[in-house]
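If you want the working numbering, it's the position in the sequence shown, counting the first as 1, plus 316.
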Amino acid sequence: MEPAGRGRLTRPWDATSARSETDEFGKTLYRDEDRTIVEAVAGVAADRGVSPAQVALAWMLSKPGISAPIIGATKMAHLDDAIAAVDVQLTSDEIDRLEAPYAPHAIAGHR
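Below is the structure:
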């Protein structure tokens, strides 16, 4: 699993990056309804004074079935966020806040 959602969880919904502009497959993965998830991650991050990437990684680390998240680091700051996320312990209320807006998606990329 990629905890940052191809970067979607690391910046405001309407912000773009080189990847979001060129990743044609990535453009098919997210719907407008997913904005509320991005906003929840940003809200928890703001409340905590940490980056959204740290919150996304901390959420994954709170799940016992996930043992090897793919962080997709291309910059030193990505590694810094991954290391810092180990020390972010989300409360059950924060986890509920992050998970509440989630709606399952169909499997993508497999036939």
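Just so you know, even glycine gets a beta-carbon here, dropped at the ideal spot from N, CA and C. Quick caveat, the model's predicted, so the values are computed rather than measured.
Contact set for residue i: own chain, Cβ-Cβ below 7 Å, skip 5 residues either direction
i: residue 401; result: 370, 373, 374, 377
The alpha helix (DSSP H) enclosing residue i, as first and last residue numbers
i: residue 359; result: 351 to 364
i: residue 372; result: 368 to 377
7 Å Cβ cutoff met for residue i and residue j
i: residue 325; j: residue 354; result: yes
i: residue 367; j: residue 358; result: no
i: residue 417; j: residue 356; result: yes
i: residue 347; j: residue 329; result: no
8 Å Cβ shell around residue i - same chain, five flanking residues per side excluded
i: residue 317; result: Its pLDDT being 48, under 50, residue 317 is placed unreliably by the model, and the measurement read from it follows with that caveat. Closer than 8 Å at Cβ, skipping near neighbours: 376, 382, 385, 386.
Sequence-distant residues of the same chain with beta carbon closer than 6 Å to residue i, five excluded per side
i: residue 397; result: 367, 369, 370
i: residue 389; result: 395
Near the ligand PLP: residue i beta-carbon under 6 Å from a heavy atom
i: residue 378; result: Although the ligand PLP was asked about, the structure shown includes no ligands whatsoever.
Item checked: Cβ contact check for the segment 403 to 411 and the segment 381 to 392: 3 or more pairs under 8 Å -> Segment contact: the segment 403 to 411 against the segment 381 to 392, fewer than three CB-CB distances shorter than 8 Å; contact not assigned.
Item checked: Any alpha helix (DSSP H) of 4 or more consecutive residues that is wholly inside the segment 387 to 413 -> Within the segment 387 to 413, the runs of alpha helix (DSSP H) that reach at least 4 residues and sit entirely inside it are, in chain order, 392 to 401.
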